[in-house]
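Protein chains in written order, with the numbering used here: chain C, 22 to 305; chain P, 21 to 205. Beta carbons: idealized from backbone N, C-alpha and C, even for Gly. No experiment lies behind these values; they were computed from the predicted model shown. Below: one structure, written as structure tokens.
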């Protein structure tokens, strides 16, 4: 009588557990002599034993060496624990740091179309085509926040950038952020209210133009003057395109200065002059 | 008249004699071999405290081995020890002859078997359920027999054989799967 692989497979456990009777053991042995597949299966299972033996030796080496190895010093362990605690403290500080300067926080809020708490009419600096994450917020919280302890004018050197301003939320913007729009920049200060009023007039006249952006730049971060709704930004140590206070500058869509002038001038003449330039530059 | 034997002295002598054997049992039963010494220590302490419960119906080393297996299985479940192991995960270092220290890296005594394969076998064996893993590993202990394993684990010999068979089968299957996956990659 001969048996097949299926029979042998069903008896494999009994074969290994020595629970086959004499007849079954004889049949299994005869099958193994002729069947390479079953012989390989049995051999593969038996091959596990030397592997496990090697594993036990390997583990014994680790156990003995680990038991007799000197432990690191208490100083090292305390240092490790201290470093871990310092890391956790830094993480907690970064995650739960209170943000007193607007909606920025760690993750900058999308500025376009979102009303800032500093601009009740939602008319603060519109920034076109700029991902919020790429906008730097260089100031430490509370340092240059509007309405909180206005500081002195930053020193502006020859190496300063041409145009770099900070919006009320603390995010810096440059001319690149306005590329593709005609930009009208008016510079004003708290001691020259007529300049701010002039910017406000221009904003009311041209602010609705889709391809025009109007910014009122001041060097000190302070309270918004009453009745002023134009987008207010603060100079962030730049040369402001060489524009001084109470003056304005018109920048074309490529970022080139096209016109300069004084904000303290006849209102209608100024409006006419700027309208012509905006029309010429495609600021509709 | 001869003095009565000191039970404490007798236990200490027996424990010293069978300590290497118990260490092997601990290594075979524990998940982490570094814990083996602690496990043996704790088992001997428990054995010493409970020696009056030893009825003498089996050799003392078998009785102590039972305690070692129980301690080893429960050792890994202890949250406090897991935490200790995690916090001081890198606290083992060795001293060179010149007195300087270096990270502990045990020598490879696995002869013809590559170290990577031994590590792989270690991972797969640790994934086996304890009822399969412990008899399989104990069978590798020097001089250990099926009847002894059955006595230590307090299960029938047939059950030991069956569990060893299924442990081999699962291990073989796991290693073949790993080999197949690495070939595909």
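Kindly indicate if chain P contains any beta-carbon less than 7 Å away from that of residue i.
{"i": "residue 73 of chain C", "result": "yes"}
{"i": "residue 104 of chain C", "result": "no"}
{"i": "residue 79 of chain C", "result": "yes"}
{"i": "residue 200 of chain C", "result": "no"}
{"i": "residue 108 of chain C", "result": "no"}
{"i": "residue 84 of chain C", "result": "yes"}
{"i": "residue 65 of chain C", "result": "yes"}
{"i": "residue 197 of chain C", "result": "no"}
{"i": "residue 69 of chain C", "result": "yes"}
{"i": "residue 34 of chain C", "result": "yes"}
Quick one: what's got a C-beta closer than 6 Å to residue i's C-beta in the same chain, skipping five residues either side?
{"i": "residue 146 of chain P", "result": "51"}
{"i": "residue 80 of chain P", "result": "34"}
{"i": "residue 219 of chain C", "result": "284"}
{"i": "residue 158 of chain P", "result": "48, 164 and 169"}
{"i": "residue 172 of chain P", "result": "82, 85 and 86"}
{"i": "residue 257 of chain C", "result": "185, 186, 187 and 193"}
Thinking C-beta only, is residue j closer than 7 Å to residue i?
{"i": "residue 184 of chain C", "j": "residue 112 of chain C", "result": "no"}
{"i": "residue 35 of chain P", "j": "residue 65 of chain P", "result": "no"}
{"i": "residue 61 of chain P", "j": "residue 161 of chain P", "result": "no"}
{"i": "residue 138 of chain P", "j": "residue 79 of chain C", "result": "yes"}
{"i": "residue 38 of chain C", "j": "residue 59 of chain C", "result": "no"}
{"i": "residue 194 of chain C", "j": "residue 255 of chain C", "result": "no"}
{"i": "residue 298 of chain C", "j": "residue 201 of chain C", "result": "no"}
{"i": "residue 251 of chain C", "j": "residue 221 of chain C", "result": "yes"}
{"i": "residue 42 of chain P", "j": "residue 69 of chain C", "result": "no"}
{"i": "residue 184 of chain P", "j": "residue 149 of chain P", "result": "no"}
{"i": "residue 264 of chain C", "j": "residue 208 of chain C", "result": "yes"}
{"i": "residue 187 of chain P", "j": "residue 152 of chain P", "result": "yes"}
{"i": "residue 76 of chain C", "j": "residue 142 of chain P", "result": "yes"}
{"i": "residue 210 of chain C", "j": "residue 266 of chain C", "result": "yes"}
{"i": "residue 246 of chain C", "j": "residue 290 of chain C", "result": "no"}
{"i": "residue 88 of chain P", "j": "residue 46 of chain P", "result": "yes"}
{"i": "residue 110 of chain C", "j": "residue 181 of chain C", "result": "no"}
{"i": "residue 71 of chain P", "j": "residue 31 of chain P", "result": "yes"}
{"i": "residue 281 of chain C", "j": "residue 272 of chain C", "result": "no"}
{"i": "residue 83 of chain C", "j": "residue 53 of chain P", "result": "yes"}
Check whether the Cβ of residue i lies closer than 7 Å to any Cβ atom in chain C.
{"i": "residue 185 of chain P", "result": "yes"}
{"i": "residue 92 of chain P", "result": "no"}
{"i": "residue 143 of chain P", "result": "no"}
{"i": "residue 160 of chain P", "result": "yes"}
{"i": "residue 173 of chain P", "result": "no"}
{"i": "residue 188 of chain P", "result": "yes"}
{"i": "residue 138 of chain P", "result": "yes"}
{"i": "residue 130 of chain P", "result": "Only weak support exists for where residue 130 of chain P lies, its pLDDT of 47 falling under 50; the value from the coordinates is given anyway. Judged by the 7 Å Cβ criterion, residue 130 of chain P is in contact with chain C."}
{"i": "residue 201 of chain P", "result": "no"}
{"i": "residue 182 of chain P", "result": "yes"}
{"i": "residue 153 of chain P", "result": "no"}
{"i": "residue 133 of chain P", "result": "yes"}
{"i": "residue 42 of chain P", "result": "no"}
{"i": "residue 170 of chain P", "result": "no"}
{"i": "residue 148 of chain P", "result": "no"}
{"i": "residue 89 of chain P", "result": "no"}
Give every residue of the same chain whose Cβ lies closer than 7 Å to the Cβ of residue i, excluding the five residues on either side of it in the sequence, and list them in chain order.
{"i": "residue 36 of chain C", "result": "49"}
{"i": "residue 276 of chain C", "result": "196 and 200"}
{"i": "residue 144 of chain P", "result": "191, 194 and 195"}
{"i": "residue 95 of chain P", "result": "50, 55, 59 and 101"}
Can you give me the Cβ contacts of residue i inside the same chain, cut-off strictly under 8 Å, excluding the 5 residues immediately before and after it?
{"i": "residue 23 of chain C", "result": "48, 51 and 52"}
{"i": "residue 227 of chain C", "result": "205, 233, 235, 295, 296, 299 and 304"}
{"i": "residue 45 of chain C", "result": "32 and 35"}
Any Cβ of chain A within less than 7 Å of the Cβ of residue i?
{"i": "residue 76 of chain C", "result": "Going by chain labels, chain A is absent from the structure shown, which instead holds the protein chains C and P."}
I'd like to confirm something about residue i: is its beta-carbon nearer than 6 Å to some heavy atom of the ligand FAD, or not?
{"i": "residue 235 of chain C", "result": "For the structure depicted, the ligand FAD is absent and the ligand set is empty, with no information on it obtainable."}
If contact means a Cβ-Cβ distance below 8 Å, which residues of the region 38-63 of chain C contact chain P?
From the region 38-63 of chain C, only 38, 39 and 40 have a Cβ closer than 8 Å to chain P.
Listed in chain order, which residues of the region 52-86 of chain P have Cβ atoms closer than 7 Å to some Cβ of chain C?
Taking 7 Å as the upper bound on Cβ-Cβ separation, chain C lies near residues 53, 54, 56 and 57 of the region 52-86 of chain P.
Would you say the region 289-303 of chain C touches the region 43-53 of chain C, given that touching needs at least three Cβ pairs under 8 Å?
Verdict: no, contact absent.
Closer than 8 Å is the cut-off here; do at least three beta carbon pairs connect the region 156-175 of chain P with the region 78-92 of chain P?
The region 156-175 of chain P and the region 78-92 of chain P touch, with no fewer than 3 CB-CB distances between them shorter than 8 Å.
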